[in-house]
Each structure stands twice: as structure tokens, then as C-alpha cells.
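J.: Quick one: structure below, then a few questions.
Numbering (our numbering), first residue to last: 298 to 439.
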């Protein structure tokens, strides 16, 4: 009988711990599960409805470091109008199944990667609370 009570209490404890977790769809936890974003990403393409520009490897790179919440951007292309070379802070925000990136406190847009985690896309047209049509879509590769 004592053994049965111990098993029941243990089962209740495990169930309480498992079911007691709060899984909130809207979280501002830094980098919520996107640790594979760490590392160097080369900007390969920038496009919108008016332009479609390809870049060579080494032209523009973004180095993500989730431990320090920073991006180091190296821009070796004088014609690129995006972020200049420097160190920036970033955070990721997850809302339901979508993730958004904020750089230096400004929301940039929707961020996603492919299943292999070797392509990263930032869509400036899709923000948490709005949809725009004049932003850029940036594509990066490892």
C-alpha cells in the first residue's frame, strides 16, 4: 500500500510539473529557440517590387552572436544602402509561429530560415502589427 501511494504521489508530481508549464504564444524571450542563427551570414540578395540586387560573397556579412545579442555587420559594398559596418544589438520576438527581428530597438521585420538553416530571410514588409509593401526582402546564406 505504501508503495502504491508513493507511485501515485510521484505520478501527480510529474503531471503537475508537466501540465503546470505556461506556453505563451507571444514571448519576448531573446532568440526564442533560434540559436542556429549564430554565426556568419552573407547577404546574397535584396529585392522588392522595384529592384532585385545580387551580392557576391564577402560584399556584406552579418555575424550573429546570441550570447551578447549583437550583430557585427561588415559592409564592403559602397553601393549598398542598408546598415553600415558596425556592431548592433538585436532581439527576436516570437508571435505564434512567426518570428520577428529588432535591430537597435527598431523592428525590421519577419525572420525565417529554411530547414537546413543555411538560408536566412528577413522580410521588412511583414511586421508584428502591420503589413507594408515598400520594404525589402533580404536573403542571406551561410
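All C-beta atoms, glycine included, are put in the ideal place defined by N, C-alpha and C.
It should be emphasised that the depicted structure is a prediction, and the values quoted were computed from it without experimental measurement.
Looking at C-alpha atoms only, which residue of 359, 354 and 353 is the closest neighbour of residue 419?
T.: Closest by alpha carbon: 359.
J.: Quick one: grab the DSSP three-state call for residue 480.
T.: Residue 480 lies beyond the residue range present for the chain, which begins at 298 and ends at 439; the question has no answer from this structure.
J.: Restricting to Cα atoms, I'd like to know which of 370, 397 and 405 is closest to residue 431.
T.: Minimum Cα distance to residue 431 is reached at 405.
J.: Note the first and the last residue of the continuous beta strand (DSSP E) segment covering residue 433.
T.: Neither: residue 433 is in no beta strand (DSSP E) and is coded neither H nor E.
J.: Taking the straight line between their C-alpha atoms, what separation do you get for residue 367 and residue 384?
T.: The alpha-carbon atoms of residue 367 and residue 384 are separated by roughly 7 Å.
J.: Quick check on residue 394: does DSSP put it in helix, strand or coil?
T.: The answer is coil: DSSP assigns residue 394 none of H, G, I, E or B.
J.: Rounded to whole angstroms, what is the Cα-Cα separation between residue 334 and residue 349?
T.: Spanning the two alpha carbons is a distance of roughly 24 Å.
J.: Taking the beta strand (DSSP E) that residue 365 belongs to, which residues open and close that run?
T.: Taken as a continuous stretch (DSSP letters only), residue 365 belongs to no beta strand (DSSP E), as it is neither H nor E.
J.: Can you grab the Cα-Cα spacing for the pair residue 376 / residue 426, in whole Å?
T.: Rounded to the nearest angstrom, the two C-alpha atoms are 31 Å apart.
J.: Relative to the C-alpha of residue 399, which candidate in 339, 354 and 361 has its C-alpha closest?
T.: Of 339, 354 and 361, the residue nearest in Cα terms is 361.
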